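Residue numbers (the numbering used here): 234 to 386.
All C-beta atoms in this analysis are idealised placements derived from N, C-alpha and C, irrespective of residue type, glycine included.
In this text the structure is predicted, and so the values were computed from the model without any measurement.
See structure below.
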Amino acid sequence: MADKPEDLNLPAAVVSRLIKETLPSGIKLSKDAQTAINKAAGVFVLYCTACANSLALRNKRKTLTANDVFSALEDMEFDNFVPELKICLEAFREEQKAKLAERKRKQTSNEEVMKAKKASMVESSGEGGEVEEREERQAHREEGHTDTASMST
(Lines of atoms letter the chains of each structure in order from A; the text may use other names.)
(Lines give C-alpha, C1' and ligand atoms only; values in the text may rest on other atoms or scores of the structure.)
Protein backbone atom coordinates (compact mmCIF):
# COMPACT_ATOMS: atom_id res chain seq x y z
CA MET A 234 0.00 0.00 0.00
CA ALA A 235 1.05 3.62 -0.28
CA ASP A 236 3.17 5.30 2.39
CA LYS A 237 1.28 8.62 2.29
CA PRO A 238 -2.39 9.35 1.48
CA GLU A 239 -1.40 11.63 -1.42
CA ASP A 240 0.37 8.66 -3.05
CA LEU A 241 -3.10 7.26 -3.70
CA ASN A 242 -4.12 10.21 -5.89
CA LEU A 243 -4.49 9.74 -9.60
CA PRO A 244 -2.26 11.97 -11.75
CA ALA A 245 -3.91 15.40 -11.76
CA ALA A 246 -3.05 15.99 -15.42
CA VAL A 247 -4.82 12.79 -16.48
CA VAL A 248 -7.93 13.58 -14.46
CA SER A 249 -7.90 17.17 -15.74
CA ARG A 250 -7.69 15.98 -19.35
CA LEU A 251 -10.57 13.53 -18.82
CA ILE A 252 -12.69 16.29 -17.26
CA LYS A 253 -11.97 18.70 -20.13
CA GLU A 254 -12.84 16.04 -22.72
CA THR A 255 -16.13 15.32 -20.93
CA LEU A 256 -17.39 18.82 -20.24
CA PRO A 257 -19.00 20.88 -23.00
CA SER A 258 -16.86 23.70 -24.34
CA GLY A 259 -17.13 26.94 -22.43
CA ILE A 260 -17.74 25.21 -19.09
CA LYS A 261 -15.08 25.87 -16.48
CA LEU A 262 -14.27 23.90 -13.36
CA SER A 263 -13.02 25.40 -10.12
CA LYS A 264 -9.81 24.08 -8.63
CA ASP A 265 -11.77 22.73 -5.64
CA ALA A 266 -14.16 20.86 -7.93
CA GLN A 267 -11.25 19.38 -9.88
CA THR A 268 -9.58 18.29 -6.62
CA ALA A 269 -12.84 16.75 -5.40
CA ILE A 270 -13.27 14.80 -8.66
CA ASN A 271 -9.65 13.63 -8.48
CA LYS A 272 -10.14 12.40 -4.89
CA ALA A 273 -13.45 10.74 -5.79
CA ALA A 274 -11.87 9.00 -8.78
CA GLY A 275 -9.04 7.71 -6.58
CA VAL A 276 -11.50 6.41 -3.98
CA PHE A 277 -13.53 4.75 -6.74
CA VAL A 278 -10.45 2.98 -8.12
CA LEU A 279 -9.43 1.80 -4.64
CA TYR A 280 -12.93 0.57 -3.83
CA CYS A 281 -13.31 -1.22 -7.17
CA THR A 282 -9.89 -2.82 -6.71
CA ALA A 283 -10.76 -3.95 -3.17
CA CYS A 284 -14.04 -5.49 -4.36
CA ALA A 285 -12.32 -7.25 -7.28
CA ASN A 286 -9.60 -8.50 -4.92
CA SER A 287 -12.25 -9.95 -2.58
CA LEU A 288 -13.78 -11.83 -5.51
CA ALA A 289 -10.40 -13.22 -6.54
CA LEU A 290 -9.60 -14.30 -2.98
CA ARG A 291 -13.00 -16.01 -2.67
CA ASN A 292 -12.02 -17.99 -5.78
CA LYS A 293 -8.62 -18.77 -4.21
CA ARG A 294 -6.69 -16.65 -6.72
CA LYS A 295 -4.07 -13.97 -6.18
CA THR A 296 -4.38 -12.45 -9.65
CA LEU A 297 -7.21 -10.07 -10.45
CA THR A 298 -8.80 -10.58 -13.85
CA ALA A 299 -10.96 -8.35 -15.99
CA ASN A 300 -13.93 -10.52 -15.04
CA ASP A 301 -13.21 -9.80 -11.36
CA VAL A 302 -13.39 -6.09 -12.14
CA PHE A 303 -16.61 -6.51 -14.11
CA SER A 304 -18.16 -8.51 -11.25
CA ALA A 305 -16.96 -5.90 -8.74
CA LEU A 306 -18.61 -3.15 -10.78
CA GLU A 307 -21.84 -5.15 -10.77
CA ASP A 308 -21.57 -5.63 -6.99
CA MET A 309 -21.01 -1.87 -6.65
CA GLU A 310 -24.20 -1.34 -8.70
CA PHE A 311 -22.34 0.03 -11.72
CA ASP A 312 -23.51 -2.86 -13.87
CA ASN A 313 -24.75 -0.51 -16.61
CA PHE A 314 -21.08 0.28 -17.39
CA VAL A 315 -20.00 -3.35 -17.82
CA PRO A 316 -21.18 -3.97 -21.43
CA GLU A 317 -19.41 -0.86 -22.73
CA LEU A 318 -16.26 -1.69 -20.74
CA LYS A 319 -16.23 -5.20 -22.22
CA ILE A 320 -16.40 -3.70 -25.71
CA CYS A 321 -13.54 -1.31 -24.87
CA LEU A 322 -11.45 -4.15 -23.44
CA GLU A 323 -11.97 -6.26 -26.56
CA ALA A 324 -11.03 -3.32 -28.78
CA PHE A 325 -7.87 -2.79 -26.70
CA ARG A 326 -6.95 -6.47 -27.01
CA GLU A 327 -7.45 -6.38 -30.77
CA GLU A 328 -5.30 -3.24 -31.01
CA GLN A 329 -2.54 -4.97 -29.05
CA LYS A 330 -2.71 -8.03 -31.32
CA ALA A 331 -2.45 -5.80 -34.39
CA LYS A 332 0.59 -3.99 -32.95
CA LEU A 333 2.28 -7.30 -32.17
CA ALA A 334 1.55 -8.63 -35.66
CA GLU A 335 2.97 -5.44 -37.19
CA ARG A 336 6.14 -5.72 -35.08
CA LYS A 337 6.58 -9.34 -36.16
CA ARG A 338 5.97 -8.40 -39.80
CA LYS A 339 8.62 -5.66 -39.61
CA GLN A 340 11.10 -7.98 -37.93
CA THR A 341 10.56 -10.66 -40.58
CA SER A 342 10.93 -8.03 -43.31
CA ASN A 343 14.17 -6.76 -41.73
CA GLU A 344 15.52 -10.31 -41.52
CA GLU A 345 14.70 -10.90 -45.18
CA VAL A 346 16.48 -7.67 -46.17
CA MET A 347 19.54 -8.71 -44.15
CA LYS A 348 19.57 -12.13 -45.83
CA ALA A 349 19.31 -10.50 -49.26
CA LYS A 350 22.17 -8.10 -48.43
CA LYS A 351 24.23 -10.99 -47.17
CA ALA A 352 23.60 -13.05 -50.29
CA SER A 353 24.43 -10.06 -52.48
CA MET A 354 27.68 -9.43 -50.64
CA VAL A 355 28.67 -13.10 -50.84
CA GLU A 356 28.01 -13.15 -54.57
CA SER A 357 29.93 -9.95 -55.27
CA SER A 358 32.91 -10.62 -53.02
CA GLY A 359 33.36 -14.35 -53.19
CA GLU A 360 34.32 -14.21 -49.49
CA GLY A 361 31.43 -16.26 -48.13
CA GLY A 362 32.77 -17.04 -44.68
CA GLU A 363 34.22 -13.59 -43.89
CA VAL A 364 31.11 -11.76 -45.10
CA GLU A 365 28.90 -14.08 -43.08
CA GLU A 366 30.96 -13.41 -39.97
CA ARG A 367 30.81 -9.62 -40.53
CA GLU A 368 27.05 -9.80 -41.02
CA GLU A 369 26.60 -11.78 -37.81
CA ARG A 370 28.63 -9.20 -35.88
CA GLN A 371 26.62 -6.37 -37.44
CA ALA A 372 23.29 -8.02 -36.65
CA HIS A 373 24.49 -8.68 -33.11
CA ARG A 374 25.40 -4.99 -32.67
CA GLU A 375 22.05 -3.86 -34.10
CA GLU A 376 20.26 -5.99 -31.51
CA GLY A 377 21.96 -3.90 -28.84
CA HIS A 378 24.83 -6.22 -27.99
CA THR A 379 28.26 -4.64 -27.92
CA ASP A 380 30.39 -7.56 -26.85
CA THR A 381 31.27 -9.19 -30.19
CA ALA A 382 34.10 -11.17 -28.61
CA SER A 383 31.58 -13.39 -26.85
CA MET A 384 30.02 -14.50 -30.15
CA SER A 385 31.01 -17.95 -31.28
CA THR A 386 32.32 -18.12 -34.84
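Closest residue to Ala372 among Glu344, Thr298, Ala285 (Cα-Cα distance) = Glu344
Below 7 Å CB to CB, which residues in the same chain sit around Leu306 once its five sequence neighbours on both sides are set aside?
-> Cys281, Asp312, Phe314, Val315
Reduced DSSP category for Met347 - H, G, I as helix; E, B as strand; rest coil = helix
Would you kindly work out how many angstroms separate the C-alpha atoms of Ala273 and Met309, rounded to a whole number?
-> 15 Å
With distances taken between CB atoms, is the gap from Ala285 to Val302 smaller than 8 Å?
-> yes
Hey, how far is the Cα of Glu366 from the Cα of Arg336?
-> 26 Å
In terms of residue numbering, what span does the alpha helix (DSSP H) encompassing Asp308 cover?
-> 299 to 308
Is the Cβ-Cβ distance between Lys351 and Glu368 less than 8 Å?
-> yes
Specify the secondary structure class of Pro244 as computed by DSSP and reduced to three states.
-> coil
If you compare alpha carbons, which of Lys253, Pro257, Phe277 is closest to Lys264?
-> Lys253
Closest Cα partner of Leu241 within the set Asn292, Gly275, Cys321, Pro257 = Gly275
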